[in-house]
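**Q** Pasting a structure below so you can have a look.
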C-alpha cells in the first residue's frame with residue numbers, strides 16, 4: 189500500500205490545524221528552522237531561526253504589490269544567508285575543537301552557484317570575519333572575484349576550471365599584488381604556464397593540484413568524481429607535476445591538494461572514503477618534500493530538499509555538523525598516523541551556503557480540473573434522447589451510485605471496464621458525443637469518490653496509486669519554469685512547494701503547476717514527500733471574487749475572476765538563478781552566417797567546396813555578461829586600481845608591473861568569455 193497525499197490526521201480529530209499544514213508540506217523538515225507557518229496561516233521566514241523574528245511572506249508580497257512590484261518575484265533573504273554561513277563556520281569550529289585539530293578552516297564560495305552581485309558582495313563582506321574565500325572557474329569569474337575581494341589580501345581565492353595563458357598571467361600578477369590566490373592545476377599544460385609566468389614576474393605562487401580519486405561520489409553528479417571525471421590529474425600525473433616543480437626549485441610552491449566528490453552528495457559514506465584517500469595522497473606528497481599546507485575537499489555538501497534526511501537524490505543523510513566532524517576527524521587521523529602537520533581545510537560548499545536564501549513567489553492565474561459531481565440530471569436527460577441507452581453508461585451510473593467504503597475497489601474496477609467499453613463504442617461510431625461526455629464525467633466522479641475514501645483510510649492500493657495524478661487539477665501559474673527553475677526541467681530536481689497563505693484551511697484539491705510558456709514541458713508534476721515523488725500537490729480551491737459569480741475557475745491568462753492565490757517555491761538560491769541566465773558567466777558564442785557559393789568565394793583547404801561569410805556576430809564580452817548580474821565594469825576597474833596602488837606603496841609590485849596588471853584586467857573585461865589561445 190502507498191501513502192497518498194491527504195494526511196490521516198485530518199480525519200482523526202475532525203478539523204484542520206496549522207500543524208497539519210506543516211506536516212503535510214514537510215516544512216519543519218526541509219525548512220530547517222528558516223520557514224514555518226504563523227497563526228494567520230501564512231508562511232513566514234525566520235532568518236536567524238528565531239521565532240520572535242518573522243517575515244510574513246504573504247504580507248510581504250501584498251506590500252510589494254502596493255508598491256507596484258508584482259509576482260512572480262524572487263525573494264532573497266540576506267539574514268538567511270548570513271545565518272547559514274555562520275552555521276557552517278560554527279560546525280567546523282566545534283569539530284576542530286572537539287578533535288584538537290591544529291589546522292584552520294575556510295569555506296570557499298564558488299560564485300558559479302549564484303553570481304548575482306549582491307549575493308557575492310554579502311559573502312565577500314562576511315568573508316573577512318568568518319575567514320571564508322571565493323572560487324572562480326572562468327575568466328569572467330576571476331575578474332569578478334578580484335574586484336569583490338578588494339582590500340582582503342588574506343582571503344583565499346581558488347581558481348578551478350580550464351585556464352589559458354591570459355588567465356594564468358592574471359593569477360600570477362594578482363599573487364604579486366599580495367593576493368592569497370591558488371590556481372588549481374587541472375591539466376599538465378597549466379602547470380607549465382604557471383611556472384613560465386612565475387619565473388617571468390619572479391613570483392613564488394601557491395599552487396594547487398586536483399587529483400582524480402578512485403572514490404566516487406553519489407547522486408546525479410557522481411560522474412564528476414572518480415577516474416572518469418572531467419577535471420584533474422591521475423596520481424601518476426600528480427607525481428610528474430611534483431617532479432616538474434622540484435626540478436625547477438619550486439617543490440615548496442605545491443601547497444594544496446584538491447578533489448571533487450560531486451555536487452549534492454547525498455550519502456556521507458562517499459565523502460568519508462574520498463577524504464580518507466585524499467589525505468593519504470596529501471601525506472605522501474608532504475613526505476616527498478612538497479610544500480603541502482592545504483586540503484580542499486571540494487564541493488558536495490548537499491541540501492535536504494525533501495526533508496527526509498536520507499540517501500535519496502533529493503535529500504542528504506547527514507547534517508552540517510556531521511559533515512564537519514567527518515572531514516576534520518578523517519584528515520586528522522590520517523595526518524597523525526603519518527606524522528604530518530594538520531593542514532588548513534577548505535571546502536567549496538556553495539549549494540549549502542546559498543540554497544535556503546531564495547524563495548520564488550508565483551501567483552495562480554486559474555485552473556482546470558475534473559468536476560466532483562457528474563450532473564446526473566443532465567446525464568439522464570441525454571440518456572432519454574437515445575434510442576437505446578448504451579450499456580457502459582448504465583454500468584457507470586450503477587458504479588457511481590453504489591461505491592462505498594466496503595466496495596470502492598470493486599466499483600472502480602467496474603468503472604474502468606465500462607469506461608474502456610464506452611471509448612471503444614465511440615471509436616467505432618456506435619456511441620453519440622453526449623454519451624461519451626457522460627461516460628467521462630461519471631468515471632471522473634467515481635475516481636474522486638474513491639480518492640475521498642482512500643483519504644479517510646490514509647492509504648491507497650498500489651494498483652490505483654496513479655489515480656491522484658490522473659484526476660489532479662492543473663493550476664496555471666505566472667512564471668517560466670525554464671527561467672526560474674531550470675533544474676526542475678533539466679534533471680528532475682525536486683524543490684519544496686506550498687501555498688504561502690490559507691494554510692489554516694484544509695486543501696481540498698490536488699493539482700500540478702503549469703507555467704505560462706508555450707512549451708509542453710513547462711510544468712511541475714512531481715513534488716517532495718520524503719523519498720516519494722508525489723504526482724500532485726495539495727492545494728486550495730480558488731475563491732471567486734464577489735463580482736465574479738459562482739465560477740471560481742479561470743482560464744489561463746484570465747484575471748480578476750478569483751481572489752489572489754500564491755504559491756512559494758523554496759530553496760532556489762543555488763544554481764537556479766544563474767542557470768536561467770549564464771552558467772559560469774560564459775556568454776553567447778560568436779555566430780557566423782555562412783553560405784555556399786558555387787564558382788566563387790573562399791575555398792578553405794579543409795572544405796569540400798566554396799563558401800562565403802555573410803555575417804559575423806561577435807559573442808558576448810566579459811563586460812557584457814558581468815553587467816547581466818549587476819556588476820559595473822568601471823567600479824570593478826577602480827577596485828583593482830586601488831589594490832594596485834596599495835601594492836606599489838608596499839613595494840610588492842613596480843609601477844610597470846601594476847600598469848601591466850591593469851592593462852590585462854581592462855583587456856580581459858573587453859575580451860571573449862571563453863578561453864583564447
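In my numbering, the protein residues as written are 189 to 865. Quick reminder that beta carbons are idealized off the backbone N, C-alpha and C, glycines included. Since this is a predicted model, take the numbers as computed values, not measurements.
(1) I'd like to check one pair, residue 446 with residue 495: are the Cβ atoms closer than 7 Å?
(2) Secondary structure at residue 856, three-state DSSP: helix, strand or coil?
(3) By how many angstroms is the C-alpha of residue 630 removed from the C-alpha of residue 647?
(4) Under the rule that 16 or more other beta-carbon atoms within 10 Å means buried, what is residue 842, buried or exposed?
(5) Could you check where the alpha helix (DSSP H) with residue 474 kicks off and where it finishes?
(6) Quick check for students: name the residue ranges of the alpha helix (DSSP H) that lie wholly in the segment 673-702, counting only runs of 4 or more.
(7) Return the first residue and the last residue of the alpha helix (DSSP H) that residue 644 is part of.
(8) Is DSSP giving residue 532 helix, strand or coil here?
(9) With distances taken between CB atoms, is the gap from residue 692 to residue 206 smaller than 7 Å?
(10) For chain D, check one thing: does any of its Cβ atoms lie closer than 7 Å to the Cβ of residue 558?
(11) Please report the residue range of the alpha helix (DSSP H) in which residue 267 lies.
(12) Any chance the segment 479-488 sits against the segment 527-539, with 3 or more Cβ pairs inside 8 Å?
(13) Considering only DSSP beta bridges, list what residue 664 is partnered with.
(14) Are the beta-carbon atoms of residue 346 and residue 323 separated by less than 7 Å?
(15) Under three-state DSSP, which class holds residue 782?
(16) What residue from 676, 718, 663 has the CA that sits closest to residue 701's CA?
(17) So, under 8 Å CB-CB, residue 542 and residue 269 are touching, yes? Tell me the CB distance rounded to an integer number of Å.
(18) Report the three-state DSSP secondary structure of residue 866 (helix, strand or coil).
(19) Can you tell me where the alpha helix (DSSP H) with residue 724 in it begins and where it stops?
(20) How about residue 138 and residue 688: are their beta carbons less than 7 Å apart?
(21) Quick one: Cα of residue 374 to Cα of residue 816, how far?
(22) Rounded to the nearest angstrom, what separates residue 577 and residue 571 at their Cα positions?
(23) What's the call for residue 258, buried or exposed, on a 16-neighbour Cβ count within 10 Å?
(24) Let's see if you can read the secondary structure: which residues bound the alpha helix (DSSP H) around residue 523?
(25) Taking just the CA atoms, how far does residue 326 sit from residue 351?
(26) DSSP puts residue 708 in a beta bridge; with which residues?
(27) Near residue 353, which residues of its chain fall below 7 Å by C-beta distance, leaving aside the five closest residues on each side in sequence?
(28) Determine the burial state of residue 706: buried for a count of at least 16 other Cβ atoms within 10 Å of its Cβ, exposed for fewer.
(29) Can you round the beta-carbon distance between residue 370 and residue 438 to whole angstroms, since I take them to be within the 8 Å contact cut?
(30) Can the beta-carbon of residue 827 be found closer than 7 Å to that of residue 428?
(31) Go through its chain and collect everything with a Cβ distance to residue 752's Cβ below 7 Å, but skip five positions before and after it.
(32) What are the partner residues of residue 441, as DSSP defines its beta bridges?
(33) Return the Cβ separation of residue 729 and residue 697 in integer angstroms, given the expectation that the two are a contact with Cβ distance under 8 Å.
(34) What does DSSP give as the partner residue(s) for residue 815 in the beta ladder?
(35) When burial is assigned at 16 or more other CB atoms within 10 Å of the CB, is residue 618 buried or exposed?
(36) Over the uninterrupted beta strand (DSSP E) stretch that includes residue 148, give me the two end residues.
**A** Here's the rundown:
(1) Numbered from 1 along the chain shown, position 307 holds the residue referred to as residue 495. Numbered from 1 along the chain shown, position 258 holds the residue referred to as residue 446. Taking 7 Å as the Cβ cut-off, residue 495 and residue 446 do not qualify as a contacting pair.
(2) As a working note, residue 856 is residue 668 in the chain shown. If DSSP states are grouped into helix, strand and coil, residue 856 belongs with the helices.
(3) As a working note, residue 647 is residue 459 in the chain shown. As a working note, residue 630 is residue 442 in the chain shown. Roughly 23 Å separates the two Cα atoms.
(4) Counting from one through the chain shown, the residue named residue 842 turns up at place 654. Answer is exposed; the Cβ neighbour count stays below 16.
(5) For the purposes of this step, residue 474 is identified with residue 286 of the chain shown, where counting begins at 1. First-last of the alpha helix (DSSP H) with residue 474: 456-476.
(6) You should have 674-678.
(7) Residue numbering aside, residue 644 sits at position 456 when the chain shown is read from its first letter. Residue 644 -> alpha helix (DSSP H) spans 621-645.
(8) As a first step, residue 532 is located in the chain shown; it is residue number 344 there, counting from the start. DSSP places residue 532 in strand when its eight states are reduced to three.
(9) On the chain shown, position 504 is the one that residue 692 refers to. On the chain shown, position 18 is the one that residue 206 refers to. Judged by beta-carbon spacing, residue 206 lies within the 7 Å limit of residue 692, meaning their Cβ atoms are closer than that value.
(10) In the displayed structure, chain D is absent; only one protein chain is listed.
(11) Within the chain shown, numbered from 1, the residue matching residue 267 stands at position 79. Unbroken alpha helix (DSSP H) run through residue 267: 266-286.
(12) Because the criterion of three Cβ pairs below 8 Å is met, the segment 479-488 and the segment 527-539 touch.
(13) Start at 1 with the first residue of the chain shown, and residue 664 comes out as number 476. Residue 664 is bridged by DSSP to 554, 702.
(14) Here residue 346 refers to the residue found at position 158 when the chain shown is read from its first residue. Here residue 323 refers to the residue found at position 135 when the chain shown is read from its first residue. For the pair residue 346 and residue 323, the CB atoms are nearer than the 7 Å cut-off.
(15) Looking up residue 782 in the chain shown gives position 594. Confidence in residue 782 is poor, its pLDDT being 45 and thus under 50, which makes the residue's placement unreliable; the coordinate value appears in the next sentence. It is a strand residue.
(16) Within the chain shown, numbered from 1, the residue matching residue 701 stands at position 513. Considering only alpha carbons, the answer is 663.
(17) Taking the chain shown and counting its residues from 1, the one referred to as residue 542 is at position 354. Taking the chain shown and counting its residues from 1, the one referred to as residue 269 is at position 81. Indeed they touch by this definition, with Cβ atoms about 6 Å apart.
(18) Absent from the structure is residue 866, since the part of the chain shown begins at 189 and ends at 865.
(19) Within the chain shown, the letter at position 536 stands for residue 724. In the DSSP assignment, residue 724 falls outside any alpha helix (DSSP H) and carries neither an H nor an E.
(20) Coverage of the chain is limited to positions 189 through 865, which leaves residue 138 absent and any answer about it impossible.
(21) In the chain shown, the residue the question calls residue 374 occupies position 186. In the chain shown, the residue the question calls residue 816 occupies position 628. Cα to Cα, residue 374 sits roughly 28 Å from residue 816.
(22) As a position in the chain shown, residue 577 is number 389, starting the count at 1. As a position in the chain shown, residue 571 is number 383, starting the count at 1. Roughly 6 Å between the two C-alpha positions.
(23) Counting from 1 along the chain shown, the entry for residue 258 is found at position 70. Exposed, because fewer than 16 other Cβ atoms sit within 10 Å of the Cβ of residue 258.
(24) Taking the chain shown and counting its residues from 1, one reaches residue 523 at position 335. For residue 523, the enclosing alpha helix (DSSP H) covers residues 508-526.
(25) If you number the chain shown from 1, residue 351 lands on position 163. If you number the chain shown from 1, residue 326 lands on position 138. Distance between the alpha carbons of residue 351 and residue 326: 7 Å.
(26) Within the chain shown, the letter at position 520 stands for residue 708. In the DSSP output, where bridge partners are listed per residue, residue 708 has none listed.
(27) For the purposes of this step, residue 353 is identified with residue 165 of the chain shown, where counting begins at 1. So the list reads 381, once near-sequence residues are dropped.
(28) Against the chain shown, residue 706 aligns to sequence position 518. By the 10 Å Cβ count, residue 706 comes out exposed.
(29) Within the chain shown, numbered from 1, the residue matching residue 370 stands at position 182. Within the chain shown, numbered from 1, the residue matching residue 438 stands at position 250. Wrong, their Cβ atoms sit about 14 Å apart, outside the cutoff.
(30) Taking the first residue of the chain shown as 1, we reach residue 827 at position 639. Taking the first residue of the chain shown as 1, we reach residue 428 at position 240. At a Cβ-Cβ threshold of 7 Å, residue 827 and residue 428 do not count as neighbours.
(31) As a first step, residue 752 is located in the chain shown; it is residue number 564 there, counting from the start. Excluding residues within five positions, the ones whose Cβ falls inside 7 Å are 551.
(32) Taking the first residue of the chain shown as 1, we reach residue 441 at position 253. Beta-bridge annotation (DSSP): residue 441 is not paired with any residue.
(33) Translated into positions along the chain shown, residue 729 becomes position 541. Translated into positions along the chain shown, residue 697 becomes position 509. The beta-carbon distance between residue 729 and residue 697, rounded to whole angstroms, is 6 Å. This is short enough to meet the 8 Å contact definition.
(34) Working through the chain shown from its first residue, we reach residue 815 at position 627. DSSP output for residue 815 lists no bridge partner at all.
(35) In the chain shown, counting from the first residue as 1, residue 618 sits at position 430. Residue 618 counts as exposed, since fewer than 16 other C-beta atoms from the protein chains shown sit within 10 angstroms of its C-beta.
(36) No statement about residue 148 is possible, as the shown extent of the chain runs from 189 to 865 and does not include it.
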